[in-house]
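Notes for the one structure printed next.
Number of protein chains: 2
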Amino acid sequence: MGVYTDLREKLISDYATLSPQMQKAARHILDHPNDVALRSMRALARAANVPPSTVTRLMAAIGVDTWQQFRDSYQNRLLDLPASYAHRARALQNSEADIHRDAHLLQSIAQAEIANIGQAFAPEMCERMKDACEHIARARQVFVVGRGAAYPAAYQFAYAYRLFNENGVLVDGHAGAFGDQLRGIGPRDVLIAVGARPYIRDTVRAVAFARKQHCPVIAVCDSDVAPIAVDAVAKLVVSDSSPSFFQSFTTSVSVMQALVALLVARGGQKVLQRIAVAEEQLAAFDTYHEEAAPTRNSRS
Amino acid sequence: MGVYTDLREKLISDYATLSPQMQKAARHILDHPNDVALRSMRALARAANVPPSTVTRLMAAIGVDTWQQFRDSYQNRLLDLPASYAHRARALQNSEADIHRDAHLLQSIAQAEIANIGQAFAPEMCERMKDACEHIARARQVFVVGRGAAYPAAYQFAYAYRLFNENGVLVDGHAGAFGDQLRGIGPRDVLIAVGARPYIRDTVRAVAFARKQHCPVIAVCDSDVAPIAVDAVAKLVVSDSSPSFFQSFTTSVSVMQALVALLVARGGQKVLQRIAVAEEQLAAFDTYHEEAAPTRNSRS
DNA sequence: ACTTTAATGAAACATTTGTTTCGATAACTG
DNA sequence: CAGTTATCGAAACAAATGTTTCATTAAAGT
Chain A
1 MGVYTDLREK
11 LISDYATLSP
21 QMQKAARHIL
31 DHPNDVALRS
41 MRALARAANV
51 PPSTVTRLMA
61 AIGVDTWQQF
71 RDSYQNRLLD
81 LPASYAHRAR
91 ALQNSEADIH
101 RDAHLLQSIA
111 QAEIANIGQA
121 FAPEMCERMK
131 DACEHIARAR
141 QVFVVGRGAA
151 YPAAYQFAYA
161 YRLFNENGVL
171 VDGHAGAFGD
181 QLRGIGPRDV
191 LIAVGARPYI
201 RDTVRAVAFA
211 RKQHCPVIAV
221 CDSDVAPIAV
231 DAVAKLVVSD
241 SSPSFFQSFT
251 TSVSVMQALV
261 ALLVARGGQK
271 VLQRIAVAEE
281 QLAAFDTYHE
291 EAAPTRNSRS
Chain B
1 MGVYTDLREK
11 LISDYATLSP
21 QMQKAARHIL
31 DHPNDVALRS
41 MRALARAANV
51 PPSTVTRLMA
61 AIGVDTWQQF
71 RDSYQNRLLD
81 LPASYAHRAR
91 ALQNSEADIH
101 RDAHLLQSIA
111 QAEIANIGQA
121 FAPEMCERMK
131 DACEHIARAR
141 QVFVVGRGAA
151 YPAAYQFAYA
161 YRLFNENGVL
171 VDGHAGAFGD
181 QLRGIGPRDV
191 LIAVGARPYI
201 RDTVRAVAFA
211 RKQHCPVIAV
221 CDSDVAPIAV
231 DAVAKLVVSD
241 SSPSFFQSFT
251 TSVSVMQALV
261 ALLVARGGQK
271 VLQRIAVAEE
281 QLAAFDTYHE
291 EAAPTRNSRS
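Chains A and B are the protein sequences, given in the same order.
In terms of UniProt numbering, the first sequence opens at residue 1 and continues consecutively.
In terms of UniProt numbering, the second sequence opens at residue 1 and continues consecutively.
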């Protein structure tokens, strides 16, 4: 069981000295250790976008004679892990509390997240998501509102959406301009409102205002009868149950992301091109960090 | 096609009707399920003292088309993907594309989310989260930085953290004050940086600056060798793989939330009281919508 | 500028893989 | 008993795997 850690550590410590292509391979291995254990070397190379020879060379570079050796150590790691996620959590529940309380809490969180995702992507919800997309695709302007803990979900959608459409508005109420941003909202627009109990007044007001202007509302919330879901054309109900003290909006983020994915899939090639343009612009603005060129002369 | 529900059950129930040699193979499979997932069919046959053809025949006998299918289900069990999801997704893949393409996409997203959560909350990562909490709990000030798509994760943490501690700073670079917000950062503070490839320059710069000031860094990122993870005291690696076009930061949000939960658990009663106070304040500011009193005649 | 070196991907290579074929053997049936 | 069937394993097969080779290219050194 020590073999695995050694190889992984070696991969990390030697990373800087590796050639660019080997870095690509090493990185994929570090990020997808299970691929090493379960898939073939060639399959891994394909996934990493690297010729098979590079992987072989990488083995030599980190002092491993053969891919089989490397793979074995990763398989052992898999075998050391308790078999099942559910089993893991259950086992922890039965163990002494003090040392494992943290671990138990984390496992509970993970379990809750998975359960929430499962509910949010149940068949009926998927149908509702598709309906929601129809409305969004037809809309003149797409407003998104989410305050407090729900803000990340709203932001996430607005950020991604703006990469391929210019008619998205994140109603974030900066500088108190909460009302301003909704000015002009009407029947041909759509408002996506994110919130869960306790509902934040601003969000409820925004929904009420939109409804009064006959603007269709898509509600991402915790109940079919949530105040922001009344008369909504699509109610995307996400469970926010969490063992932690706070309500969990992570599932809302997932749902918002799924909406974006649906829109992109619907938009086809044209949307992809727009995204490419947006990315170019970001690169031109020097937004992204250029990865360090592999230090050639810094080898040990 | 057909009975994917549980191949192991099928093996057990049909065991009596199988030919002696097939029973030998079946028995070995039942006794050594991991061999199915990790080793080759021929290797398994050797271990079971059976010619390869027997295994192939066994597959046909239990109604499985190909060894690959069989092996996949055992690999999934190892990876602990909830079976229902894997199967649902696979079933949809085989269905007519046009109507179900959206459904398939959504199922893939759900599946990916669950897999990502599973990885992020693997035992080793849980250890790292606990380490990270130690640093946060000791810190004089807690800085959080995340730009672009990673912003929701950073925001989520800052928002929740501020409910029970006043030493949290969300480095969001509003009004270009990106540098200002990091002024005074030092060895007794901690910087939590969230980001994935492509890394946004601001985030990388923030990390570099913090490191120069000898401030410990907690990196929530997509790789052990991410630029923002260099020399980090805790590297929380979250996979951002997603079938959608965009990288998925939902797992990062989950991890950030888990950090908060750990901190709250660690803080005990005192923290809970502070949260109660914070909520009272919010209520006093009229932040929350008062739910309509259940109208008497609107019984469910 | 030229030489030397390192890096890279395509192709070739020998194995190994999962599957199929086919003759041999055993078991059962009439 | 003969004849049919079911079972089995060796061999053949195409497809894949992991590795090595080699020519080409890009970078460093002189």
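We put the beta carbon where it would ideally sit given N, CA and C, even for glycine.
All figures in this text were calculated on a predicted structure; none of them were measured in a lab.
Quick test of your reading: residue i and residue j, contact by CB under 8 Å. State the CB separation rounded to the nearest angstrom.
| i | j | result |
| --- | --- | --- |
| B:CYS133 | B:ARG266 | 6 Å |
| A:LEU105 | B:ALA120 | Wrong, their Cβ atoms sit about 14 Å apart, outside the cutoff. |
| B:VAL207 | B:VAL217 | 6 Å |
| B:LEU38 | A:ALA37 | 7 Å |
| A:PHE143 | A:ILE200 | Not quite, the Cβ-Cβ distance comes to about 16 Å (not below 8 Å), so this is no contact. |
| B:GLN167 | B:ARG140 | It is Asn, not Gln, that sits at residue 167 of chain B in the sequence shown. About 7 Å separates the two Cβ atoms, so the contact holds. |
| B:SER242 | B:ALA112 | 5 Å |
| residue 301 of chain A | A:HIS135 | Here chain A covers residues 1 to 300 and nothing more, so residue 301 of chain A does not appear. |
| B:ILE109 | B:SER244 | 6 Å |
| B:LEU30 | A:LEU78 | The Cβ separation is near 20 Å, so there is no contact. |
| A:HIS28 | A:LEU44 | 7 Å |
| A:CYS215 | A:GLY186 | 6 Å |
| residue 328 of chain A | A:VAL264 | The displayed coordinates of chain A run from 1 to 300. Any statement about residue 328 of chain A would go beyond what the structure contains. |
What is the DSSP secondary structure of residue i, counted as helix, strand or coil?
| i | result |
| --- | --- |
| B:TYR4 | Confidence at B:TYR4 is low in this model, with a pLDDT of 45, below 50, so the placement of that residue should be treated as unreliable; the coordinate-derived value is given next. Correct three-state label for B:TYR4: coil. |
| B:ARG299 | Only weak support exists for where B:ARG299 lies, its pLDDT of 35 falling under 50; the coordinates are left without a value. |
| A:SER19 | coil |
| B:SER53 | helix |
| B:LEU282 | helix |
| A:SER84 | A caution first: A:SER84 carries a pLDDT of 36, below 50, which makes its placement in the model unreliable, though a value can still be read off. Here A:SER84 sits in coil by DSSP. |
| A:GLN93 | For A:GLN93, the predicted structure reports a pLDDT of 37, less than 50, and the residue's modelled location is therefore unreliable. A value from the coordinates is still provided. The answer is helix: DSSP assigns A:GLN93 an H, G or I state. |
| B:SER13 | helix |
_List, from N- to C-terminal side, the alpha helix (DSSP H) runs of 4 residues or more that fit wholly inside the UniProt domain "SIS" (132-274) of chain B._
151-161, 178-182, 201-212, 250-267
Inset, instruction - Decide if the segment 4-17 of chain B is in contact with the segment 209-225 of chain B; the criterion is three or more beta carbon pairs, one per stretch, under 8 Å apart. - result: no
Could you tell me whether the segment 133-153 of chain A touches the segment 270-281 of chain A, using the rule of 3 or more Cβ pairs below 8 Å?
-> no
Check distances from the C-beta atoms of the segment 116-132 of chain A to those of chain B and list, in chain order, the residues that come in under 8 Å.
-> ILE117, GLY118, ALA120, PHE121, PRO123, CYS126, MET129, LYS130
Check: Closer than 8 Å, Cβ to any Cβ of chain A: which residues of the UniProt domain "HTH rpiR-type" (5-81) of chain B, in chain order?
Finding: ASN34, ALA37, LEU38, GLN75, ARG77, LEU78, LEU79, ASP80
_Beta carbons nearer than 7 Å to chain A: which residues of the segment 193-214 of chain B have them?_
PRO198, TYR199, ILE200, ARG201, VAL204
Of the residues that make up the segment 265-280 of chain B, which ones have a beta carbon closer than 7 Å to any beta carbon in chain A? ALA265, ILE275
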